[in-house]
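Structure first, commentary second.
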Ligand code: GLY
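In the working numbering, the protein residues as written are 723 to 986.
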């Protein structure tokens, strides 16, 4: 069944710049290999396109090493787009870079003006509500400002909390269908998904929690066989995408695109 939280006509991506080697990371496990990252990025775009979607590929932004993680710059809802205000100072300017592209698709563009901060990676839109996880990047004021805008468009927003030490709320969870969430046990233990069907990420495969349902596909990071098999058993169509290079910067499948359906 199609649903606006899982089915989209469009996606926006941004190619990694050479400066991505300076991208933010919680733990330094070495610089990402640009050529390998570019190859994985192309496979990711091909998977999005294979569902019939239009993918807008934006050029690299060398001034912003983390700019390929476009999800953090905006929240796209059916009624309009909200331009975020990233909490990482080095990423603040990325949001304004994204705004003109979104203005080409959305009649309504709203801005988080601050002083609060909020990043798209902390926002999960399900079939029934918008969940926003407070984190080191998303604070109470950012949540409040986003809530006011989204509520004005008819959305119910619920504030939850990202586990300590985890970059974004969606680092640890993904929407698989309107009522089903793939989650780490550490996040689901908070009770934030009570009332949803939960598919557990296998112990030791926590980095598999960030996947995306995009039309009839789940784009899933390669290398997590037990979680992959759980999703296959649950009936999802999976495509595995290499994520080893983005993972060095704490990035995953959701971070690499904005997904939406413009209103006619
Ligand atoms: N490297 C992704 C981020 O920290 O936002």
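Even for Gly, the Cβ is constructed at its ideal location relative to N, Cα and C. Owing to the predicted nature of the structure, the values given are computational and were not obtained by experimental measurement.
Nearer than 6 Å: is that true of the beta carbon of residue i relative to any heavy atom of the ligand GLY?
i	result
residue 891	no
residue 971	yes
residue 746	yes
residue 942	no
residue 788	yes
residue 936	no
residue 827	no
residue 946	no
residue 791	yes
Judging by CA-CA distance, which residue of the options is the nearest neighbour of residue i?
i	options	result
residue 743	733, 736, 754, 749	754
residue 825	958, 734, 922	734
residue 983	789, 785, 797	797
residue 856	830, 890, 964	890
residue 956	920, 795, 978	920
residue 834	851, 858, 809	809
residue 741	729, 760, 726	760
residue 804	923, 909, 839, 901	839
residue 863	881, 875, 846	881
residue 979	915, 933, 822	933
residue 763	730, 829, 737	737
residue 924	938, 894, 915, 901	894
residue 892	963, 841, 801	841
residue 812	723, 827, 916, 786	786
residue 958	981, 903, 964	903
In angstroms, rounded to a whole number, what distance separates the CA positions of residue i and residue j?
i	j	result
residue 776	residue 905	28 Å
residue 870	residue 861	14 Å
residue 873	residue 879	7 Å
residue 784	residue 790	10 Å
residue 961	residue 940	6 Å
residue 987	residue 954	As displayed, the chain neither begins before 723 nor continues past 986, which places residue 987 out of reach and without an answer.
residue 727	residue 936	9 Å
residue 781	residue 792	12 Å
residue 756	residue 945	19 Å
residue 907	residue 922	6 Å
residue 943	residue 969	10 Å
residue 987	residue 767	The structure shown has nothing for residue 987, since the chain only spans 723 to 986.
residue 815	residue 901	34 Å
residue 852	residue 928	23 Å
Hey, residue i and residue j are a contact pair by Cβ (cut 8 Å); roughly how many whole angstroms apart?
i	j	result
residue 976	residue 896	7 Å
residue 748	residue 972	6 Å
residue 745	residue 788	5 Å
residue 930	residue 949	4 Å
Use the C-beta contact count for residue i: other C-beta atoms within 10 angstroms, 16 or more gives buried, fewer gives exposed.
i	result
residue 865	buried
residue 806	buried
residue 985	exposed
residue 1009	Nothing about residue 1009 can be read from this structure; the chain reaches only from 723 to 986.
residue 758	exposed
residue 802	buried
residue 867	buried
Could one say the Cβ of residue i lies closer than 7 Å to chain D's Cβ atoms, at least one of them?
i	result
residue 731	Here there is only one protein chain, and chain D is not present.
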